[in-house]
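**Student:**
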Amino acid sequence: MKNFFCNQLLSNRLFLFIIILINISLPINNLYLFIAFSLSLILIFFNKINPNLKNLYFYIFILCLLTGLNFLIKNPKIEEAHSAFITDSDLKMISNFLPERLTKIMANDLSNNFDYDRYFEGRQAPANNKLFIKDPFAFSTDSFFQQNKFSRKLNNINASKRSHHRIGQFNTRSFAMPYDQELKENFPFYVFYKLNNEFSNSQICGKGNIYTSFSNSNDIHSLSFNSIGDQYKCVTLDGKNNFYIFAYSIGASDNFEIQLKKNNKIIFKQYLQFLIIILIILIILIKIIKIEFSTHLVLILISFLSSFLLAFLNDPNIIVGLRHVYGGSDGLIFNSFGSDIVENLKNGNYLESLKGGEDIFYFQPGMRYYVALFKIIFGETNYGYIFSISFFPYIIFLLSKLISTKRIAYTLFILFIFFPIFESIGFGHFNYVRQAVRLHAESLSIMLLIISIYLIFTEDKNKLNSNTNLILIGLMFSQIIFLRPNFLPTCFLLSLYLFYSNYLKGSLISKNLILIISLSPSLFCLFHNYFFGNELILFSSSASRHILLSNDFSEFNFIQAKNFMELIILQVRDWNDLIYFPRLLILIYVIYNIKFYRFNELIFCLIICCISQHIVLLLTHASSRYAYFAWLLTFILFIKVMYDNNHFFKFSDYFKKLVKKT
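Residue numbers for the sequence shown follow this note's numbering, so the first one is 1 and each next one is one higher.
So this is what it looks like as structure tokens:
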């Protein structure tokens, strides 16, 4: 019983991670803190507690002391208001907050320099005097845990382009721009900062449309602002209780640069806080956790680092700012819904938050709620989804090792990340990172499916009958269906397999009851649509159309077809064009071998799943991200069948003999 309390705490990795999370604080929207968060999570959960740990009470005391000290250090925050705008109606709304002189300057600049003809071409709709905003300043998900008067509170000001400001409003439906991404990324916007007297002797530096006002007054409308000018200039903040900075940009041609150079006192306090966080992490990772760079840890770190490198190569703003989502994409819609969910949650509108922006789901249901969760944890950044999907290569390795050999698994891991020669068959990590960058649901749902298949294989191979795995599989199936109802056939068939497997293990009632309860969240969409829309629609209204009853074949996968025969030809070509003929051979090989797995229920079921997902493709969207899972499952089954039939070694021997002959 000695040190029982401390042993219980320290043996729980979650406790250690929470200590780090408390000190980093939410949202994690700073790149350096995000790196600390990510590496700490990986190193804590993929290593063991040091078995030779002594002085437990001492380390707990030090961690608590440092945490308390961290909270005692009060760094001043910068209050920020921001908003995009398109029309004079927007500026009229903003004038309820900003002084009249500033809104007149923006109105004159907007009239002279914003290209409304280009806006019409890019959106196929006129701006006129439409009101695009609902408040003088926008809501920011960075503010979820803050008590603030404006959009949010910041620790720093340092921006040279729009993405550095991380204004989530640009990624909402009001500012969609389907046919001109460049214009969307350069919409007019303003930022307004209020700094208190703790920032005295700091400097605000920059160039462009930047204005300053130093005053003891809190009445913003009474303020008188002076321009910094077009040349780079620094202004010292002194002499007053409040320092106000205003800046705006109409387009790409008048982008402003702005930076706050803090006084020495603030810099010291920020460095002290950062040092405390580093000390806490080092104590946990060096003294409490026994770090062993095992194969699995190395593979996870490679997965994590490669994912963020691929994201950076796709768009550097993913890492160093906020990516402007494509103007007419599903990702922008999910992001817009996600922001509304977070805002409603903060304002206590829980039913509106649960509604998710639609009385009856039309767009894919689940992704908006995951985007909201990512925003609560990571604020106005793209870190959440990329971090989640960064474990995918490691999951591929685990599954490959389970169905073949370690050597084959290493090879597939390397190919999946670095050499995507099987990209056309869904086996290329950069595709999943790219879809995560675009906020599409496929990456997350496919990863959850692969994890589920891995757990089922683990249960089957090791003759396990784990309630924990069963609950995890059921919950993941429900989330997969929630994210992408297109994957319902696989989830349904594998659930039937689990019911049958539980029956064979003599657990017909108890285990299957657990599975049914775990699957129950998949009914959320049905309850949602009935509660908010008073209609019994299982998933979304877009999925409930009966295409065969329509005379317009263009409704079918958005393909223009004059007749049914042309529709079939176009659909088959979309599913597998001639240039992808090799992957069709792989599919035929897998289906042909189904006869050898009549007594292996799991493989037989997975081949049926594979066939069913290809049928879904032939009936709906047949290419691109919609096809990833069907072809990825085909490739995984190809590896399994090749290994079971010893074809890898037969081909290897054949090539060796061929080389000797030559």
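The beta-carbon is built from N, C-alpha and C at its ideal position, and this holds for glycine as well.
Starting from T212, follow its DSSP beta bridges and name the residues at the other end.
**Tutor:** DSSP, once it has assigned bridges, lists N226 and I245 as partnering T212.
**Student:** Where does K2 land, buried or exposed, given buried means 16+ other C-beta within 10 angstroms?
**Tutor:** At K2, the pLDDT of 44 sits below 50, so the modelled position is not reliable; the number obtained from the coordinates is stated separately. So K2 counts as exposed.
**Student:** Applying the criterion that 16 or more other CB atoms from any shown protein chain within 10 Å of the CB defines a buried residue, is D340 buried or exposed?
**Tutor:** Flag for D340 reads buried.
**Student:** Where do the ends of the alpha helix (DSSP H) carrying A630 lie?
**Tutor:** First-last of the alpha helix (DSSP H) with A630: Y628 to D644.
**Student:** If we call anything under 8 Å between Cβ atoms a contact, is S452 one with F477?
**Tutor:** Yes, they are a contact pair.
**Student:** If you check the beta carbons only, do F85 and I220 fall under 8 Å apart?
**Tutor:** Contact: no.
**Student:** For V437, name the three-state secondary structure that DSSP assigns.
**Tutor:** Three-state result, V437: helix.
**Student:** Using the Cβ count rule (16 or more neighbours within 10 Å means buried), how would you classify F137?
**Tutor:** Under this definition F137 is a buried residue.
**Student:** Three-state secondary structure (DSSP) at T468?
**Tutor:** Of the three classes helix, strand and coil, the one that applies to T468 here is helix, per DSSP.
**Student:** Going along the chain, which residues of its own chain have a beta-carbon closer than 7 Å to the beta-carbon of N317, five neighbours each way excluded?
**Tutor:** Taken in chain order, the residues that qualify are S163 and R323.
**Student:** Under a Cβ-count criterion, where at least 16 other Cβ atoms within 10 Å of its own Cβ denotes burial, should G366 be classed as buried or exposed?
**Tutor:** Buried: at least 16 other Cβ atoms inside 10 Å.
**Student:** Smallest Cα separation from T646: which of L567, Y193 and T405?
**Tutor:** Residue identity differs from the one stated: residue 646 is Asn in this sequence, not Thr. Nearest C-alpha to N646: T405.
**Student:** Using a threshold of 8 Å, state whether the C-beta atoms of N382 and L260 are closer than that.
**Tutor:** Cβ atoms of N382 and L260: not closer than 8 Å.
**Student:** Return the CA-CA distance between L549 and L567, expressed in angstroms with no decimal places.
**Tutor:** Note that L549 has pLDDT 42, beneath the 50 cutoff, so the model's placement of it is unreliable and no number is given.
**Student:** Using the rule of at least 16 other Cβ atoms within 10 Å of the residue's Cβ for burial, across every protein chain shown, is R166 buried or exposed?
**Tutor:** Under this definition R166 is a buried residue.
**Student:** Measure the alpha-carbon distance for I73 versus I289 and round it to whole angstroms.
**Tutor:** Roughly 27 Å between the two C-alpha positions.
**Student:** Look up I611 in the DSSP assignment and give the residues it is bridged to.
**Tutor:** Paired residue(s): none; I611 is not in a bridge.
**Student:** Pick helix, strand or coil for N551, following the three-state DSSP scheme.
**Tutor:** Bear in mind that a pLDDT of 49 at N551, under 50, signals an unreliable position, so the number given afterwards is only what the model happens to contain. DSSP places N551 in coil when its eight states are reduced to three.
**Student:** Report the partner residues of C234 according to the DSSP bridge assignment.
**Tutor:** Note: C234 sits in a beta bridge opposite C205.
**Student:** Go ahead and pull the three-state DSSP assignment for Y362.
**Tutor:** Of the three classes helix, strand and coil, the one that applies to Y362 here is coil, per DSSP.
**Student:** Please report the straight-line C-alpha distance between L496 and I376, rounded to a whole angstrom.
**Tutor:** The alpha-carbon atoms of L496 and I376 are separated by roughly 36 Å.
**Student:** Should Y211 be labelled buried (16 or more other beta-carbon atoms within 10 Å of its own) or exposed?
**Tutor:** Its Cβ being crowded by 16 or more others within 10 Å, Y211 is buried.
**Student:** Bridge partners for V191 per DSSP, in chain order?
**Tutor:** DSSP, once it has assigned bridges, lists H82 and A247 as partnering V191.
**Student:** Report the option in H614, E601, N52 and G474 whose CA atom is closest to the CA atom of L587.
**Tutor:** Answer by Cα proximity: H614.
**Student:** Assign Q231 to buried or exposed, taking buried as 16 or more other Cβ atoms, counted over all protein chains shown, within 10 Å of its Cβ.
**Tutor:** That one is exposed.
**Student:** Near K355, what residues of its chain come up, given a Cβ to Cβ distance below 6 Å and the 5 sequence neighbours on each side ignored?
**Tutor:** Closer than 6 Å at Cβ, skipping near neighbours: F532.
**Student:** Determine the direct distance from the alpha carbon of C64 to that of L444, and round the result to whole angstroms.
**Tutor:** About 36 Å.
**Student:** Applying the criterion that 16 or more other CB atoms from any shown protein chain within 10 Å of the CB defines a buried residue, is T468 buried or exposed?
**Tutor:** Answer is exposed; the Cβ neighbour count stays below 16.
**Student:** Tell me E257's beta-bridge partners as DSSP assigns them.
**Tutor:** Looking at the DSSP assignment, E257 forms a beta bridge with K207.
**Student:** What is the residue span of the alpha helix (DSSP H) that L65 lies within?
**Tutor:** Run containing L65: L56 to L72, per the alpha helix (DSSP H) assignment.
**Student:** For a test of the three-state rule: what should DSSP assign to H546, helix, strand or coil?
**Tutor:** Its pLDDT being 42, under 50, H546 is placed unreliably by the model, and the measurement read from it follows with that caveat. Note: H546 maps to coil in three-state DSSP.
**Student:** R13: buried (16+ other C-beta within 10 angstroms of its C-beta) or exposed?
**Tutor:** Buried, since its Cβ has 16 or more Cβ neighbours within 10 Å.
**Student:** Exposed or buried, D135, counting other C-beta atoms within 10 Å across all chains shown (16 or more means buried)?
**Tutor:** Burial call: exposed.
**Student:** How far does the beta strand (DSSP E) with L154 in it reach, from first residue to last?
**Tutor:** R152 to L154 is the span of the beta strand (DSSP E), which, as asked, contains L154.
**Student:** Pull up the distance between the alpha-carbon of L41 and that of I481, whole angstroms please.
**Tutor:** The alpha-carbon atoms of L41 and I481 are separated by roughly 28 Å.
**Student:** Looking only at its chain, what residues have a beta carbon closer than 8 Å to the beta carbon of R17, apart from the 5 residues adjacent to it on each side?
**Tutor:** The amino acid occupying residue 17 in the given sequence is Phe; Arg does not appear at that position. For F17, where only same-chain residues beyond five positions count, the Cβ hits under 8 Å are S40, L41, I44 and F45.
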